[in-house]
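FYI, in UniProt numbering the residues of the sequence shown are 1 to 548.
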Amino acid sequence: MAEMKRRDFLKTVSATGMAVCTPAIVTNKAYADLTPVGRYFVFLHLGGGWDPTSFCDPKGNITRGSIDPDTRNSGSRVNKFCSAAIRKVADVALEDNVDADMVYAPYRGTFNEGDMDQPGTPATNTGVTIEHVRRMLAGSPDGTDPSLLRADLSDGFDWATAKSDSAEQIRANAEGILEGRLTTVEFDTLADAMVGVTRNGTQMDADRFVYDAFCCLYGSKVRILNGVDNRTNGHDTGTRFADTGSMDMAYPDFSALYAAVKGADRPLAYITDGGGNDETAGLVPRSSASDVNVFNTLADPEGDYLDGGMKGLVEQAKQRRRQLLSVKESLPRRDRLQSQLYMVRDEGLAFSGVATRLANPTDPAEIELNDAANNGRQRQMRIGAAAMSTGMASSMQIGFGGFDTHNDHDNRHFFRIRDVLVDLHYLWRTLSVYGIDGQTTVALGSDFGRTPWYNSGEGKDHWAVTSYVLMGQDVSGGTVVNATDPLVGARNVQVSGSTLTPVDEEQSGSIRITPAHLHRGLRSIAGISNHDFSLTFPIEAEDIPVFG
1 MAEMKRRDFL KTVSATGMAV CTPAIVTNKA YADLTPVGRY FVFLHLGGGW DPTSFCDPKG
61 NITRGSIDPD TRNSGSRVNK FCSAAIRKVA DVALEDNVDA DMVYAPYRGT FNEGDMDQPG
121 TPATNTGVTI EHVRRMLAGS PDGTDPSLLR ADLSDGFDWA TAKSDSAEQI RANAEGILEG
181 RLTTVEFDTL ADAMVGVTRN GTQMDADRFV YDAFCCLYGS KVRILNGVDN RTNGHDTGTR
241 FADTGSMDMA YPDFSALYAA VKGADRPLAY ITDGGGNDET AGLVPRSSAS DVNVFNTLAD
301 PEGDYLDGGM KGLVEQAKQR RRQLLSVKES LPRRDRLQSQ LYMVRDEGLA FSGVATRLAN
361 PTDPAEIELN DAANNGRQRQ MRIGAAAMST GMASSMQIGF GGFDTHNDHD NRHFFRIRDV
421 LVDLHYLWRT LSVYGIDGQT TVALGSDFGR TPWYNSGEGK DHWAVTSYVL MGQDVSGGTV
481 VNATDPLVGA RNVQVSGSTL TPVDEEQSGS IRITPAHLHR GLRSIAGISN HDFSLTFPIE
541 AEDIPVFG
């Protein structure tokens, strides 16, 4: 077997244009500046168009025609749960500073579809109630089965007292649900009052309470923007608008723009898994970092990587690349960078040190994160947080799929939102372990929303109006802008200081929120609004307090 050391391997494979390692930008410096930038951004894109009414903008199941006799699909309903089943975040949040009108949907299987709202007569919720949720969150793990959570059955149960006396237990229970350590909830006699829910005797699967656990832990940290008009129901255009703030195909995603401003020559400047729009405009290379085996390779300076057959293939690829270089060298630098592959780049001893730490963590909290990562998104989040904390990266973009639910919507869509919340919890844990949670802003968006009615296949189709979830530094947590009407039409907002108040469309001076406003806000809090790169790709929108 031919022996090839790490640096020779990296140089050889780089020359082929293969994805493991390739130099992205030629500079006069031997190495990039690895001083941490101190301010970080993570953008989560929910591909396919998510349905906010299945989470953060629920409406209930009164027929659409009861609200507006002239509306299309008048016999359909926005949701299959009644309005009384909708839960208030303030009723479960550990912290008290939460808007009273911040609400969330009940998860599939926890509501009774037979509870039907009627005009002027809201239905009574006979499924899981907020009392059940609170007693579940305040419960205790079983003494012999740590995966079983027993709801609090005590007489005179009081949620305020439980939060005061048992906050750490409530937190541990919510974390256990989000992290999959708690798998079953025992409601015992409380289950007698539950009708039409998915349960096994007196027990229910704990993952049906992920919404509740997330709102318990993060309700005071998130800001919800309901009623953002993406102005399209086309996937490509909607994705572009959501991620860049413009429908122009040439615009870079915000995460890429920020990474370019903060140093495109950082080893993993812009980390992306290819989800979302994923456009760099040639300003910065893309770096994919979900496979820790790549870091094992980079961290081992004496590894042998290629046998003779593989080396021959590499040599053939190198020859082909030499033939192409003469053509590509005539292209502008930006155009050359646009075509680069995903990469992880060698950056000397500093990079190897971080790679070793990632591949073989010794800190207990980092070991726990490593062991807990159970999908590629979470692995990318862990590597990204470590890279940002050590100056190797400044931003990250993560994509989620499966939201284009044109059929069987409820059975498929709730499950996907649950996955997002589980991963968002993992992301926040990771940012905290690496000490940058107080310096990071997270934005979650999608191509567009989904129709406020069901089609003949029990699915929901494309709808321009959607919602964004914001979290972290510079975000006024525990707040919501409810800028949708009962049929999920977008409402305008009136700006008053740091407040956005929904108003009638014809009100003078009011504004319809679009992704352009979000991206102007992102550039502002990032401190890059006046940078040359930002001015090259201007955002045409008013400055409004999207972050509160």
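The C-beta atom is built at its ideal place from N, Cα and C for all residues, glycine as well.
Values in this document were obtained by computation on a predicted structure and should not be read as measured data.
- Item | Under the three-state DSSP convention, the category M194 falls into | By one-based count along the sequence shown, residue 194 stands at place 194. Residue state, collapsed to three classes: coil.
- When the Cβ atoms of the stretch 439-451 are set against those of the stretch 463-477, are three or more pairs found closer than 8 Å? yes
- Message: Can you tell me whether R512 is helix, strand or coil according to DSSP?
- Response: Working through the sequence shown from its first residue, we reach residue 512 at position 512. It is coil, neither helix nor strand.
- Query: Pick from N411, E542, G376: whose alpha carbon is nearest that of T110?
  - Reply: Position 110 of the sequence shown, counted from the start, is the residue given in the question as residue 110. Closest option to T110, Cα to Cα, is N411.
- Straight-line Cα distance separating G263 from S389: By one-based count along the sequence shown, residue 389 stands at place 389. By one-based count along the sequence shown, residue 263 stands at place 263. Looking at the two C-alpha atoms, the distance is approximately 15 Å.
- Closest by C-alpha distance to D485, when choosing among S255, V503, T35: What you label residue 485 is simply residue 485 of the sequence shown in a count that begins at 1. Out of S255, V503, T35, V503 has the C-alpha closest to the C-alpha of D485.
- Message: Restricting to runs no shorter than 4 residues, where is the alpha helix (DSSP H) found entirely within the stretch 375-438?
- Response: 376-389, 409-433
- Item | Straight-line gap, T129 to A85 (C-alpha atoms, nearest Å) | Start at 1 with the first residue of the sequence shown, and residue 129 comes out as number 129. Start at 1 with the first residue of the sequence shown, and residue 85 comes out as number 85. Cα to Cα, the separation comes out at about 7 Å.
- Task: Hey, could you find the ends of the beta strand (DSSP E) M102 is sitting in?
- Result: By one-based count along the sequence shown, residue 102 stands at place 102. Unbroken run through M102: none, as it is neither H nor E.
- Going by the CB atoms, is the gap between D142 and R150 shorter than 8 Å? What you label residue 150 is simply residue 150 of the sequence shown in a count that begins at 1. What you label residue 142 is simply residue 142 of the sequence shown in a count that begins at 1. At the C-beta level, R150 and D142 come within 8 Å of one another.
- Do you know offhand how far G180's Cα is from V78's? Walking along the sequence shown from the start, residue 180 turns up at place 180. Walking along the sequence shown from the start, residue 78 turns up at place 78. Between G180 and V78, the C-alpha separation is close to 30 Å.
- Smallest Cα separation from Q507: which of T126, V495, A260? Looking up residue 507 in the sequence shown gives position 507. Looking at the Cα atoms, V495 is the closest of the given residues.
- Where does A365 land, buried or exposed, given buried means 16+ other C-beta within 10 angstroms? Translated into positions along the sequence shown, residue 365 becomes position 365. Classification of A365: exposed, given that the 10 Å Cβ count is below 16.
- Query: What residues are listed by DSSP as bridge partners for N233?
  - Reply: Walking along the sequence shown from the start, residue 233 turns up at place 233. For N233, which the question treats as bridged, DSSP gives no partner whatsoever.
- Item | Length of the line joining the Cα atoms of D155 and E458 | Within the sequence shown, numbered from 1, the residue matching residue 155 stands at position 155. Within the sequence shown, numbered from 1, the residue matching residue 458 stands at position 458. CA-to-CA, the gap between D155 and E458 works out to about 42 Å.
- Starting from I544 and walking both ways along the alpha helix (DSSP H), at which residues does that stretch end? By one-based count along the sequence shown, residue 544 stands at place 544. I544 -> no alpha helix (DSSP H), and no H or E assigned at all.
- Item | CA-to-CA distance, N125 to T184, given in whole angstroms | If you number the sequence shown from 1, residue 184 lands on position 184. If you number the sequence shown from 1, residue 125 lands on position 125. Between T184 and N125, the C-alpha separation is close to 23 Å.
- alpha helix (DSSP H) runs wholly inside the stretch 20-95, at least 4 long, in chain order: 64-67
- Quick one: grab the DSSP three-state call for M116. The residue you call residue 116 lines up with position 116 of the sequence shown. In this structure, DSSP gives M116 a state outside helix and strand, which the three-state scheme calls coil.
- Is the beta carbon of V98 sitting closer than 8 Å to the one on R87? Stepping through the sequence shown from its first residue, residue 98 is reached at position 98. Stepping through the sequence shown from its first residue, residue 87 is reached at position 87. No, Cβ-Cβ distance for V98 and R87 is not below 8 Å.
- Query: From what residue to what residue does the alpha helix (DSSP H) around E366 run?
  - Reply: Translated into positions along the sequence shown, residue 366 becomes position 366. Looking at the DSSP string, the run of the alpha helix (DSSP H) that includes E366 is 364-372.
- Query: Based on Cα-Cα distance, which residue from A93, T189, D152, R240 lies nearest to residue 549?
  - Reply: In the structure as shown, the chain starts at 1 and stops at 548, and residue 549 therefore has no counterpart that could be examined.
- Message: On the criterion of 16 or more Cβ atoms from any shown chain inside 10 Å, does S534 qualify as buried, or is it exposed?
- Response: By 1-based counting over the sequence shown, the position of residue 534 is 534. Buried.
- Query: Taking C-beta to C-beta, are V481 and I224 nearer than 8 Å?
  - Reply: If you number the sequence shown from 1, residue 481 lands on position 481. If you number the sequence shown from 1, residue 224 lands on position 224. Contact flag set, yes.
- Task: Please determine, among N530, D543, I525, H517, the residue with the shortest C-alpha to C-alpha distance to D243.
- Result: For this step, residue 243 is matched to residue 243 along the sequence shown. Comparing Cα positions, the closest option is H517.
- Considering only residues of the same chain and omitting the five flanking positions on each side of A105, which have a CB-CB separation below 6 Å? Here residue 105 refers to the residue found at position 105 of the sequence shown. Hits under 6 Å: S54, F55, P58.
- Contact set for D192: own chain, Cβ-Cβ below 7 Å, skip 5 residues either direction: Numbered from its first residue, the sequence shown carries residue 192 at position 192. Closer than 7 Å at the Cβ level, and outside the excluded window around D192, lies no residue.
- Query: Are the beta-carbon atoms of T441 and Q397 separated by less than 8 Å?
  - Reply: Reading the sequence shown from its first residue, position 441 is the one you call residue 441. Reading the sequence shown from its first residue, position 397 is the one you call residue 397. No, these two residues do not count as a Cβ contact at 8 Å.
- Beta-carbon gap between I528 and G245 smaller than 8 Å: Taking the first residue of the sequence shown as 1, we reach residue 528 at position 528. Taking the first residue of the sequence shown as 1, we reach residue 245 at position 245. Not closer than 8 Å, so no.
- Query: Does the separation of the CB atoms of S83 and R64 fall below 8 Å?
  - Reply: Numbered from its first residue, the sequence shown carries residue 83 at position 83. Numbered from its first residue, the sequence shown carries residue 64 at position 64. No, they are not a contact pair.
- Query: Using the beta-carbon count (16 or more within 10 Å), is G274 buried or exposed?
  - Reply: The count along the sequence shown starts at 1 and reaches residue 274 at position 274. When all chains shown are included, G274 counts as exposed.
- Item | Those residues which DSSP pairs with residue 576 across a bridge | Nothing can be reported for residue 576: it is not among the residues displayed for the chain, which extend from 1 to 548.
- In chain order, what residues of the same chain have a beta carbon less than 7 Å from the beta carbon of D117, not counting five sequence neighbours either side? Taking the sequence shown and counting its residues from 1, the one referred to as residue 117 is at position 117. Excluding residues within five positions, the ones whose Cβ falls inside 7 Å are G60, N61, I62, C82, S83, A123.
- Proximity below 8 Å, CB of M136 to CB of F209: Counted from its first residue, the sequence shown places residue 136 at position 136. Counted from its first residue, the sequence shown places residue 209 at position 209. Pairing M136 with F209 gives a Cβ-Cβ distance under 8 Å.
- Thinking just about the alpha-carbon of each residue, which of N370, K221, L148 is nearest to the one in A443? Start at 1 with the first residue of the sequence shown, and residue 443 comes out as number 443. The residue with the shortest Cα to Cα distance from A443 is K221.
- Give the straight-line distance between the Cα atoms of G391 and F403, rounded to the nearest whole angstrom. Your numbering for residue 391 matches position 391 in the sequence shown. Your numbering for residue 403 matches position 403 in the sequence shown. Roughly 34 Å separates the two Cα atoms.
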